[in-house]
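Protein chains in written order, with the working numbering: chain A, 4 to 380; chain B, 62 to 341; chain C, 571 to 748.
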Amino acid sequence: MKKGYLKEGNYFWSGDIAAAEGAIAAGCRFYAGYPITPSSEIAERMALRLPQLGGKFIEMEDEIGSIAAIIGASWTGERAMTATSGPGVSLMNENLGLAVMTEAPIVVVNAMRGAPSTGLPTLIGQGDLMQAHYGSQGSYELVTLYPSTIQETFDLMLHAFNFAEKYRVPVMYLIDGLLAHMYESIYVPPIEEIEKKIVHRKRPKEGQLPYEPDEDLVPPMPLIGEGRNIHATGLTHDERGYPDLTPQAQEKLVRRLNEKILKHERDIWIVEEYMTEDAETIVVSFGGEARAVKAGVDLARKEGIKAGMLRLITIWPFPWEYIKKYTADFVVAELNYGQMYHKVKEYAETPVHKLTKMGGEIHTPQEVLKKLREVSQ
Amino acid sequence: MSIFEDMRNKQEELLRTERLPHVWCPGCGIGIVLNAFLRAVIRRKIDPEKLVVVSGIGCTGRTAGYVNVDSFHTTHGRAIPFATGIKFARPDLNVVVFSGDGDLFAIGGNHFVNAARRNHDLLIIAVNNFTYGMTGGQHGPTTPTGAYTTTTPYGNPDRPFNIPHLAISLGVPFVARWTTYHVNQLQNSIYKALGMKGFRLVEIISQCPTVYGRRNSMKSPLSMMEYFQKNSIIKPNASFEEMELTYNGKIVVGEFRVRTNIPTYEERFDDVIRRAQNEN
Amino acid sequence: MRTEIKFGGLGGQGIITMGFILGNAAAIYEKKECVFTQDYSAEARGGASTSEIIISDEKIDYPHVLKADYLVLMSMSAYRDYVHKLKEDGVLVVDSDLVAPGAVEKRRIYGIPATKIAEDLGNPIVANIVMLGFFNGVTEILSNDSLIQAIKDRVPKKFWELNEKAFMEGYNYAKNNL
């Protein structure tokens with residue numbers, strides 16, 4: 004076994020530790036960040052572990068610098084990550100747009116806490132779902148993933164980095180105040196098995212321009228230091244990467260930035276369908292909240308209510324086909340005033356109900372059951 | 062081929078000539094600085110494949126778009142942390158931040174002081190033209206008190222940064238200031254800085270005749286250059302007060318601090334890796 | 571089967587550590603499904619400290635204690651705050667010098683002067699470990715070996731002996747007195 008590598012086996016980890024270890028297992032060797040509750044333990048774990056593997060950790064002066072540094076590192080070929088929570092994402096959003104525009108693969112973890120503003124620093128919130136997609140200026144698509152268990156927080160990191168590299172796009176990795184600090188049993192497979200599944204970014208063919216897409220709409224990525232004289236800019240640019248401030252260049256570039264993700268949405272979509280087959284009511288949920296929903300669905304089933312759960316693991320691009328395929332009524336359970344509710348409503352042809360809480364704690368299974376009783380009457 | 066032709070050819074190889082003409086106004090000082098930089102790079106025989114230029118936003122921020130090396134035109138104020146990421150990931154590269162005073166010291170001020178404090182191995186070429194040129198001549202963090210700009214129509218009540226002193230206070234190993242009039246000294250300082258390690262700052266007082274000079278009784282590029290010529294004093298051991306820039310006052314220039322053997326962040330992190338791997 | 575355990579006391583008593591050690595032992599040394607949470611909001615209530623452990627043979631969905639099978643308390647304020655969380659047929663385990671239970675006579679109560687025993691061992695800091703040993707003596711929820719191993723994972727080597735002793739004192743107190 005290589006030095007610094009985790010041994011296969013059972014561990015008892017928090018979501019923050021699992022996110023850090025998952026990233027390392029997925030090949031991340033560069034981390035820049037700024038401490039913020041409830042994500043700080045990710046930085047602490049990275050500070051401990053990355054140097055053991057010869058990787059780089061730096062605590063920057065703020066979140067703006069942190070994301071700038073990982074974009075720079077990404078251009079050297081690193082699988083680079085930062086972690087923060089909502090206030091930090093607000094600061095990162097301008098450079099998140101730079102990563103979108105320059106097509107730099109990065110992973111940004113947001114441990115969502117109660118918000119707006121400083122809100123509930125230590126407690127769960129799910130109010131940053133729209134921010135994850137629409138935080139930076141302009142019209143763009145990116146990938147947002149959101150696990151529900153500590154095991155999944157570890158496992159899903161591989162997908163986060165693979166999607167980032169495959170599609171040259173920033174990936175928002177949501178966890179929340181519950182998952183960040185909650186410890187849970189987890190099994191880590193042999194790291195070699197994970198490494199076999201690592202997808203590396205495509206490299207340009209001889210003579211291929213830095214922003215000349217392949218058929219999949221994704222341009223292979225040149226790296227710093229290869230003598231390719233890369234130029235990357237946040238300005239609208241042509242396939243050479245040179246500024247081209249015309250409506251035609253804007254149309255071509257921004258349309259492709261959106262379509263390179265939407266074209267592959269079926270590859271990116273990950274959901275869990277729990278007892279949905281014969282369900283008359285399906286609760287749509289995600290993250291820490293989905294743990295209450297699953298327990299609530301079980302209670303409902305015991306009472307003969309035909310309930311199921313659709314858990315969105317991919318939040319963006321929105322897995323709309325999984326809404327369209329069901330004729331059941333929907334309940335959207337989320338810890339905000341109603342965000343994914345609107346996305347579900349956009350695609351559902353049946354009634355859609357809200358089950359919301361403003362954050363601080365997840366619903367109890369009894370609260371979920373109560374809603375299911377109401378709706379199924 | 063004369064040595065002049067040879068230099069010219071080598072400079073052209075370092076420029077994206079297909080992108081010319083550039084966006085800078087006639088008489089702008091940024092071209093002079095770029096010229097000095099390229100000559101210093103050529104003299105140092107730096108492998109262009111190992112040279113990276115990172116800029117922020119603004120007139121000087123456009124420099125990254127003209128150099129024919131790996132080059133990044135980032136967001137406003139964020140050139141230094143972007144460059145930090147590159148350098149930290151690939152310590153073998155020569156990473157140069159080429160940006161303006163507003164970008165580096167106002168919106169990017171926090172990054173400047175912290176990167177300087179950590180002593181990242183970066184060369185910072187800071188073009189100081191006393192104003193925000195690209196947005197039409199507003200006052201910035203280096204505009205002298207009393208100067209007229211589009212946002213100080215009654216004279217600037219604000220105080221400017223004393224940039225060399227700021228850098229010295231942060232322990233920066235190389236701190237120099239020249240004006241665009243001092244082309245040879247400037248080139249020599251950049252040449253010297255390229256041969257050193259750690260955080261290196263070269264501030265260049267530059268003319269912006271278009272939006273700064275004409276509001277401050279220096280309508281032509283020439284009159285600004287004449288101002289630099291007449292008022293510059295070379296004084297390497299200048300005091301805090303002497304380094305301060307005042308409205309149409311004296312400009313103290315020189316290499317204010319040259320220190321070798323201050324460990325860089327990247328070197329100190331190599332020790333971290335060694336300790337982590339030994340304990341492991 | 572899902573078992574819910576809630577620990578409560580004051581900051582500095584090692585309430586969080588107690589929960590973490592139990593969780594670590596269950597997860598790593600007995601390969602059970604286990605979830606451990608800390609109630610941060612409790613910190614706002616004047617130094618109160620609480621942690622929760624769910625142990626199960628199956629995947630755990632809802633991660634919090636709904637009705638505790640076991641309530642382990644080391645302060646009166648925790649008793650007042652959490653006694654309603656105990657199941658009708660649940661078990662209450664207390665530091666008998668610190669907690670005087672009121673009208674919960676229907677439920678089984680087990681007391682140990684854990685802090686006093688820890689002081690007698692030379693260090694009151696191990697009161698939580700005495701308590702944990704006692705709790706395991708009462709419930710036999712995990713093997714002593716698993717718990718002692720988990721304690722060793724958590725504390726520096728020079729304190730292993732003291733902690734193991736504290737744990738066994740608590741465990742034997744249960745076996746000798748109940």
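Glycine included, every Cβ here is placed at the ideal spot set by N, Cα and C. None of the values given here were measured: they were computed from a predicted structure.
Taken in chain order, the members of the region 133-150 of chain B whose beta-carbon sits within less than 7 Å of a beta-carbon on chain A are Phe133, His134, Thr135, Thr136, Arg139, Pro142, Phe143, Ala144, Thr145, Gly146, Ile147, Phe149, Ala150. In its chain, beyond the 5 residues on either side, Phe235 have a beta carbon closer than 6 Å to the beta carbon of Met257 of chain B. In this structure, Glu292 of chain A sits away from Gln134 of chain A, with a CB-CB distance that is not shorter than 8 Å.
Around the C-beta of Tyr190 of chain A, fewer than 16 other C-beta atoms lie within 10 Å, and the residue is accordingly described as exposed. Rounded to whole angstroms, the gap between the alpha carbons of Pro213 of chain A and Phe149 of chain B is 23 Å.
In the three-state scheme derived from DSSP, where H, G and I count as helix and E and B as strand, Tyr743 of chain C is classed as helix. Contact annotation: in the region 222-246 of chain A, residues whose CB is within less than 8 Å of a CB in chain B are Ile227, Gly228, Glu229, Gly230, Arg231, Asn232, Ile233, His234, Ala235, Thr236, Gly237, Leu238, Tyr245, Pro246. For Tyr137 of chain A, the enclosing alpha helix (DSSP H) begins and ends at 132-137. Exposed is the label assigned to Asp153 of chain B, since fewer than 16 other Cβ atoms lie within 10 Å of its Cβ. Shown here, Asp217 of chain A sits in coil according to DSSP, grouped into three states, outside any helix or strand. A residue is called buried once 16 or more other Cβ atoms fall within 10 Å of its Cβ, and His172 of chain B is buried on that count. Counting along the chain, no alpha helix (DSSP H) covers Leu662 of chain C; the unbroken beta strand (DSSP E) around it starts and ends at 656-665.
Sequence-ordered contacts of the region 4-18 of chain A with chain B read Lys6, Gly7 [C-beta pairs closer than 7 Å]. With contacts defined as CB atoms closer than 8 Å, Gly274 of chain B and Met195 of chain B fail to qualify as a contacting pair. Pro671 of chain C is positioned such that its CB atom lies no closer than 8 Å to that of Ile682 of chain C. At a cut-off of 8 Å between C-beta atoms, Gly68 of chain A counts as an interface residue with respect to chain B. Residue B:Leu112 holds the alpha-carbon nearest to the alpha-carbon of Leu255 of chain B among B:Leu112, B:Ser230, B:Gly198, B:Gln268. Your pair Phe164 of chain A and Val110 of chain A checks out as a contact, with CB atoms roughly 6 Å apart and the cut at 8 Å. Of all residues in the region 280-313 of chain A, the ones placed with a Cβ closer than 7 Å to any Cβ belonging to chain C are Arg294, Ala295, Lys297, Ala298, in chain order.
Put simply, the backbone Cα of Leu262 of chain B is about 37 Å away from that of His203 of chain A. When Cβ-Cβ separations below 8 Å define contact, Thr587 of chain C makes no contact with chain A.
Exclusion of the five residues before and after Ala21 of chain A leaves Ile153, Thr156, Phe157, Ile189 as the residues of its chain whose Cβ lies within less than 7 Å of its Cβ. Looking at the DSSP output, Ile61 of chain A bridges to A:Ala35. Annotation for Thr307 of chain B: Pro205 place their beta carbon closer than 6 Å to its own, counting only its chain and skipping 5 residues before and after.
For Leu184 of chain B, the enclosing beta strand (DSSP E) begins and ends at 184-189. Membership of Glu337 of chain A in the beta strand (DSSP E) is indicated by the continuous run 332-337. Residue B:Asp131 holds the alpha-carbon nearest to the alpha-carbon of Pro225 of chain A among B:Asp131, B:Met304, B:Gln246. Interface residue (Cβ-Cβ distance to chain A less than 8 Å): Ala697 of chain C is not classified as such. With respect to the 8 Å criterion, Arg276 of chain B and Tyr209 of chain B are classified as neighbours on the basis of their beta carbons. The beta-bridge partner set that DSSP reports for Tyr14 of chain A consists of A:Ile189.
Rounded to the nearest whole angstrom, the CA to CA distance from Tyr215 of chain B to Pro221 of chain B is 16 Å. Residue nearest to Asp182 of chain B within the set B:Asp162, B:Val314, B:Val158, B:Gly122 is B:Val158 (criterion: CA-CA distance).
For Asp179 of chain A, DSSP records a beta bridge to A:Met115. For Asp67 of chain B, the closest of B:Arg100, B:Trp85, B:Gly122, B:Phe191 by C-alpha to C-alpha distance is B:Arg100. Each of B:Asn245, B:Pro218, B:Ala176, B:Leu283 was checked against the Cα of Ser230 of chain B, and the nearest Cα belongs to B:Ala176. The beta-bridge partner set that DSSP reports for Ser621 of chain C consists of C:Phe577, C:Gln608.
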